[in-house]
Amino acid sequence: MRRASRPRHGRTCSSPGRGRRASVEERTETHVKDIASIMTLAPVIPVLVIDDASTARPIAEALVAGGIRALEVTLRTPAALEVIAEMAKVEGAVVGAGTVTNEKQLQAAIDAGARFIVSPGLTEALGKPAIASGVPFLPGTANAADIMFGMDLGLSHFKFFPAEANGGIPALKALAAPFYQARFCPTGGVSLASAPNWLAIPEVLCVGGSWIVPRKVEDYAAITEAAKAASQLTA
Numbered sequence: 001m002r003r004a005s006r007p008r009h010g011r012t013c014s015s016p017g018r019g020r021r022a023s024v025e026e027r028t029e030t031h032v033k034d035i036a037s038i039m040t041l042a043p044v045i046p047v048l049v050i051d052d053a054s055t056a057r058p059i060a061e062a063l064v065a066g067g068i069r070a071l072e073v074t075l076r077t078p079a080a081l082e083v084i085a086e087m088a089k090v091e092g093a094v095v096g097a098g099t100v101t102n103e104k105q106l107q108a109a110i111d112a113g114a115r116f117i118v119s120p121g122l123t124e125a126l127g128k129p130a131i132a133s134g135v136p137f138l139p140g141t142a143n144a145a146d147i148m149f150g151m152d153l154g155l156s157h158f159k160f161f162p163a164e165a166n167g168g169i170p171a172l173k174a175l176a177a178p179f180y181q182a183r184f185c186p187t188g189g190v191s192l193a194s195a196p197n198w199l200a201i202p203e204v205l206c207v208g209g210s211w212i213v214p215r216k217v218e219d220y221a222a223i224t225e226a227a228k229a230a231s232q233l234t235a
């Protein structure tokens, strides 16, 4: 069976108006209606672990300035929900919550302003309310059973996690063959150097990476430069 083509990053399928270029805000709004379009905003979704909420807005501004708009704030620190709320105020940013593992965290993240949800794995207790919420959802999968369970719930887009520890590129290629209709975001051990190899897999829409923003932020200009490099990645 013929495989669906992969959409180009940062491009929309419809024009918001004739005779003019769509604004950043219009393009961003067009791209947050489902998880597939969020995954094609840029080749990389930065995985953010932020301890100090006062750095949230400047980090988001630096990332957006570098061409990275989909931002995954992991719920790994006490400040995470406040970070989501602050980053959501930044023009052009599409802020999501990562490391969501249960319904309580799901609701807290949505209440904080998360516009998409990422989880390290997939359970019925999380998957059903996440889908019912209507917020774009990217659950983690590690094997064929995970993907089949997700498809039974009506999902087709998944995080492959932990990507390198779970067999790397050969493992995902093997999984993608029988699940040709699924699309993936490999996360975990992916680097600037290895990202193009992951992106070369037809079923991969983007990768998740923590290298763009260090946990201890000291140089926002460096974040913008790292974001620029990430936003220009190709297979």
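Numbering (the numbering used here), first residue to last: 1 to 235. Cβ coordinates follow ideal geometry from the N, Cα and C atoms, glycine included.
Residue i - partner residues in DSSP beta bridges
{"i": "Ile35", "result": "Its beta-bridge partners do not exist; DSSP assigns none."}
{"i": "Gly96", "result": "Glu72"}
{"i": "Ile117", "result": "Ala97, Phe137"}
{"i": "Ile45", "result": "Gly208"}
Cβ pair residue i, residue j closer than 8 Å
{"i": "Val73", "j": "Leu48", "result": "yes"}
{"i": "Met39", "j": "Cys185", "result": "yes"}
{"i": "Gly79", "j": "Ala53", "result": "Reading off the sequence, residue 79 comes out as Ala, not Gly. Yes. Within cutoff."}
{"i": "Ala112", "j": "Ala70", "result": "no"}
{"i": "Lys89", "j": "Arg115", "result": "no"}
{"i": "Val64", "j": "Ala97", "result": "no"}
{"i": "Ala188", "j": "Phe161", "result": "Per the sequence shown, the amino acid found at residue 188 is Gly instead of Ala. Cβ atoms of Gly188 and Phe161: closer than 8 Å."}
{"i": "Lys228", "j": "Gly67", "result": "yes"}
{"i": "Ala235", "j": "Ala193", "result": "no"}
{"i": "Asn166", "j": "Ala142", "result": "yes"}
{"i": "Arg76", "j": "Thr99", "result": "yes"}
Where the beta strand (DSSP E) containing residue i begins and where it ends
{"i": "Lys159", "result": "157-160"}
{"i": "Val207", "result": "207-209"}
Enclosing alpha helix (DSSP H) for residue i [first to last residue]
{"i": "Gly150", "result": "144-152"}
{"i": "Val83", "result": "80-87"}
{"i": "Glu103", "result": "103-112"}
{"i": "Val238", "result": "There is no way to answer for residue 238, as the model of the chain reaches only from 1 to 235."}
8 Å contact criterion, which residue i and residue j should meet: CB distance rounded
{"i": "Ser156", "j": "Ala182", "result": "6 Å"}
{"i": "Ser191", "j": "Gly209", "result": "7 Å"}
{"i": "Ala109", "j": "Leu81", "result": "7 Å"}
{"i": "Gly140", "j": "Lys159", "result": "4 Å"}
{"i": "Ile169", "j": "Trp198", "result": "6 Å"}
{"i": "Glu103", "j": "Ala125", "result": "6 Å"}
{"i": "Leu233", "j": "Pro196", "result": "6 Å"}
{"i": "Asp34", "j": "Pro136", "result": "6 Å"}
{"i": "Val213", "j": "Pro46", "result": "6 Å"}
{"i": "Cys206", "j": "Val44", "result": "6 Å"}
Residue-chain proximity (residue i, chain D), Cβ-Cβ < 8 Å
{"i": "Thr77", "result": "Among the chains in the structure shown there is no chain D, since it carries only a single protein chain."}
Quick check for students: name the residue ranges of the alpha helix (DSSP H) that lie wholly in the segment 160-231, counting only runs of 4 or more. List check, alpha helix (DSSP H) in window: 168-176, 195-199, 220-231.
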